[in-house]
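Numbered by the working numbering, the letters in the sequence shown go through residues 406 to 1035 in order. Scroll down for the structure; my scribbles are underneath it.
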Amino acid sequence: MAVGFEADNDPGETPGFEFEEVEAREEPASPHRWWRWGTTLRSRYSLRINTERHLERHLIDRLPNLPKVGWFLSIWLLLIFLLLITLLLQIRSLTAHYTVLLPDRGGTYTEGLVGRATNFNPIYASTEVDRSVAKLVFANLFDYDQDNRLRPVLAESLEANEKAQQYTVRLKAGLRWHDGEELDADDVVFTIRTIKNPDAQSPLRVNWEGVSVDKVDDLTVKFTLPAAFSPFGANLVLPVLPEHLLASENVKQLRDADFNYRPVGSGPFVFERLVSLGGGGIDDKEFRIRLARNTDWPHPGLDGAAPLLDSFHFWVVPTAERLTELFNQGQISGAFNLSEEDISLDSADWRAVDLNLMNGVYLFFKNSSPRLQDASLRRALISALDIAVLLDSLDRKTQRIFGPLLPEHDGYDAGARPPGFDPGLTRSLLEAAGWQRARGGWSKDDQTLLLTLTTQKDTPYETLAREIKRQLAEAGIKVELDLRPAESVPLEILQNHNYGDMLIYGINLGGDADVYSYWHSSQVDSNSTLRLNLSEYQSGLADEALEVARSRNDAAERRERYGDFQRVWMDDLPALALYRFRLTYYTLRHVSGPRDNTLVIDNSDRFTDVSDWAVNQRRRTVERPGGSVD
């Protein structure tokens, strides 16, 4: 049977379904709908009842049992807590193991100094403040490294002829002054000739007498000496002055030139300004000297890195007490004129390093004194002294030395030692020399053994002198002390040798082993340039060794000659080597300053590694044995 739709024949109608319009009205509620509502209500009620019963059964009814399981829950909570703590400690331990705090860039280092700022020109700098500023602002031709060997700074090379009488220095290319001008051979020649000019009145002039300097080309300078002199390289540890700024100055007025107070150098830091802090007279005024990092440092071809610091300041104060106050307040980063007893900071907040000074303190025996001409008497005096006790009497750090050279000197003989503390040897030596022990001491030919010991008063030398007097008294040797004021030292002691039988004094031994000035016979003569042979020691064998050593370029031969000299010196014992001071430098704990055991010829050499100094720190990953961490 076919099923279909019959189309409307009206062409105006669209074919489709027919819908009947019906009036809307309410339907009476169906009995099935009421049944569904009732069922829903019963289900909801049943669910609520079951939930309440479940909570009552599994929670409320079990609450009385909670105390019984409290210990079990507590243990679990404690274990979870301990696990978290262990995890945190492990993370911290791993962080410390694979990372380390290292110096970081930026910030200002402020060093405290006691003294006065007078002249920053390095050919005049005489105070601690002057030399410190000059060291950072001006670069040297050469410097000593930590192995006490010459290393080039502005220079590229140093060559000597076979006779050690002519030296040629080649400069690095691309050197510039802080004002941007080129630094070349003209500046080096100008510096040396200015120092040599007597009208300039530079204290460095004595080192350049008889030396001629000539420019070979823009980067090469030639030095010609009047005689062979192999230690000449030490003279080239010398800052260079800018000719373009100073050539127009009257050399007689150079000491007072404006340049000396606003210097332009070529070193790692640029001078900015000197600021007066508050009022007060010239002797109690405080200053801050501000230096900024030289963005062109290091110069092309110069080993090393740019300074980590943005700036370096000196806070100059009149007294050590004020310096200690600033350090205790954390207002300065570091200083070396401090006493540990006066530091009130917690020990965890500061640290100290010791720098090795290239100097020596000696008990000089005046060999021209009638009694001390006898080497056996000098040996007797030495064996009567307990050096360890002597050094313990001082209130500063020292290091024992044993002879005319230091361990860092090329040619040092570690086996060359004086006799040790031996009262029996003292007695036997004196008796062998004809001295007799009496109630009042030792005597010979009706003359009592009485010696005069001269030194500078109100210094560690005075403390040492009193202890020497005490120890020699125990051996029956009488000593009178002759204590001199500081102002008498240059003329009376150093120049005129106006002192008693013995003298306690310190000398700067320098980086080279050449100690000719202190022990050669020619340096006893009052007409000698410096007259630094304070023992007035004269020995043909010692003279020969010193002369040959300073006239040879061969390093092995120089070492051999210095070995000969030390053996002769130990046989004659013209003096007793006591100690060298150690420069103790203090910094706040977070600060990176000079390295421990840095070699220091002058105190300003503490800045040898100033490019590595820092006041900021950053944690960095480090490699460990067996693997690495990125």
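Even for Gly, the Cβ is constructed at its ideal location relative to N, Cα and C. The structure presented is a predicted model; accordingly, all values stated were derived computationally and were not measured.
Closer than 6 Å by C-beta to residue i: which residues in its own chain qualify, once you throw out the five before and the five after it? Chain order, please.
i            : result
residue 884  : 856, 858, 874 and 877
residue 913  : 764
residue 879  : none
residue 565  : 572 and 958
residue 599  : 605
residue 1023 : 509
residue 790  : 876
residue 619  : 627
residue 839  : 849
residue 742  : 519, 725 and 728
residue 646  : 596
residue 637  : 572
residue 427  : Confidence at residue 427 is low in this model, with a pLDDT of 37, below 50, so its placement is unreliable and the value that follows should be read with caution. Cβ within range, chain order: n/a, list empty.
residue 818  : 968 and 971
Taking the beta strand (DSSP E) that residue i falls in, what are its first and last residues?
i            : result
residue 847  : 846 to 849
residue 1023 : 1021 to 1026
residue 368  : Given a span of 406 to 1035 for the chain in the structure shown, any question on residue 368 remains unanswerable.
residue 508  : 504 to 509
residue 674  : 674 to 682
residue 907  : 907 to 913
residue 574  : 571 to 576
residue 558  : First-last for residue 558: undefined, no H or E at that position.
Please work out which residues of its chain come closer than 7 Å, Cβ to Cβ, to residue i, disregarding the five sequence neighbours upstream and downstream, and give them in chain order.
i            : result
residue 750  : 733
residue 830  : 788 and 824
residue 1001 : 758 and 759
residue 435  : At residue 435, the pLDDT of 47 sits below 50, so the modelled position is not reliable; the number obtained from the coordinates is stated separately. Within the same chain, residue 435 has no close Cβ partners at all.
Compute the beta-carbon to beta-carbon distance between residue i and residue j, rounded to the nearest angstrom, for a pair I have assumed lies under 8 Å.
i            : j           : result
residue 989  : residue 759 : 5 Å
residue 993  : residue 585 : About 36 Å separates the two Cβ atoms, so there is no contact after all.
residue 860  : residue 716 : Actually they do not touch by this definition, with Cβ atoms about 42 Å apart.
residue 679  : residue 692 : 6 Å
residue 509  : residue 870 : No, residue 509 and residue 870 are not in contact; Cβ-Cβ is about 49 Å, not under 8 Å.
residue 1045 : residue 516 : This structure leaves residue 1045 out entirely; the chain is present only between 406 and 1035.
residue 810  : residue 984 : The pair is not a contact, with the Cβ atoms about 14 Å apart (cut-off 8 Å).
residue 737  : residue 538 : No, residue 737 and residue 538 are not in contact; Cβ-Cβ is about 16 Å, not under 8 Å.
residue 770  : residue 980 : 6 Å
residue 703  : residue 711 : 7 Å
residue 845  : residue 963 : Not confirmed; about 50 Å, so no contact.
residue 866  : residue 909 : 5 Å
With respect to the alpha helix (DSSP H) encompassing residue i, which residues constitute its N-terminal and C-terminal limits?
i            : result
residue 836  : 828 to 837
residue 1069 : No statement about residue 1069 is possible, as the shown extent of the chain runs from 406 to 1035 and does not include it.
residue 515  : Careful: residue 515 lies outside any alpha helix (DSSP H), inside the beta strand (DSSP E) at 513 to 519.
residue 874  : 865 to 879
residue 783  : 780 to 788
residue 733  : 725 to 733
Going by C-alpha to C-alpha distance, which of the options sits closest to residue i?
i            : options                : result
residue 724  : 717, 551, 518 and 1017 : 518
residue 617  : 608, 639, 628 and 624  : 628
residue 523  : 654, 661, 602 and 655  : 661
residue 836  : 867, 793 and 785       : 785
residue 919  : 886, 977 and 814       : 814
residue 530  : 1009, 454 and 979      : 1009
residue 808  : 796, 848, 797 and 766  : 766
residue 872  : 798, 722 and 778       : 798
residue 603  : 659, 738, 636 and 846  : 659
residue 625  : 592, 653 and 570       : 592
residue 1016 : 492, 621, 491 and 542  : 542
residue 728  : 710, 748 and 711       : 748
residue 653  : 827, 832, 595 and 943  : 595
residue 630  : 569, 651, 648 and 644  : 569
residue 1003 : 540, 493, 552 and 525  : 552
residue 774  : 646, 942 and 834       : 942
residue 1012 : 805, 507 and 536       : 536
Ordered along the chain, which non-local residues of its own chain (more than five positions away) have a Cβ less than 8 Å from that of residue i?
i           : result
residue 560 : 546, 547, 574, 575, 576, 577 and 641
residue 367 : Beyond the ends of the chain as shown, which are 406 and 1035, falls residue 367; an answer cannot be given.
residue 802 : 759, 986, 987 and 989
residue 556 : 547, 548, 549, 550 and 708
residue 753 : 994
residue 976 : 780
Worksheet item: Are the stretch 689 to 699 and the stretch 658 to 676 in contact at 8 Å, needing three or more beta carbon pairs?
Response: As far as the Cβ criterion goes, the stretch 689 to 699 touches the stretch 658 to 676, which means the pair count is three or higher.
Worksheet item: Can you find at least 3 beta carbon pairs, one from the stretch 932 to 948 and one from the stretch 900 to 913, that sit closer than 8 Å?
Response: By the C-beta criterion, the stretch 932 to 948 is judged to be in contact with the stretch 900 to 913, since at least 3 inter-stretch pairs fall below 8 Å.
Worksheet entry | Contact between the stretch 993 to 1000 and the stretch 952 to 964 (3+ Cβ pairs under 8 Å) | With a cut-off of 8 Å, the stretch 952 to 964 and the stretch 993 to 1000 do not count as touching, because too few Cβ pairs lie within range.
Worksheet item: Can we say the stretch 664 to 672 touches the stretch 606 to 621, given the rule of at least three CB pairs closer than 8 Å?
Response: Counting Cβ pairs under 8 Å, fewer than three are found: no touch.
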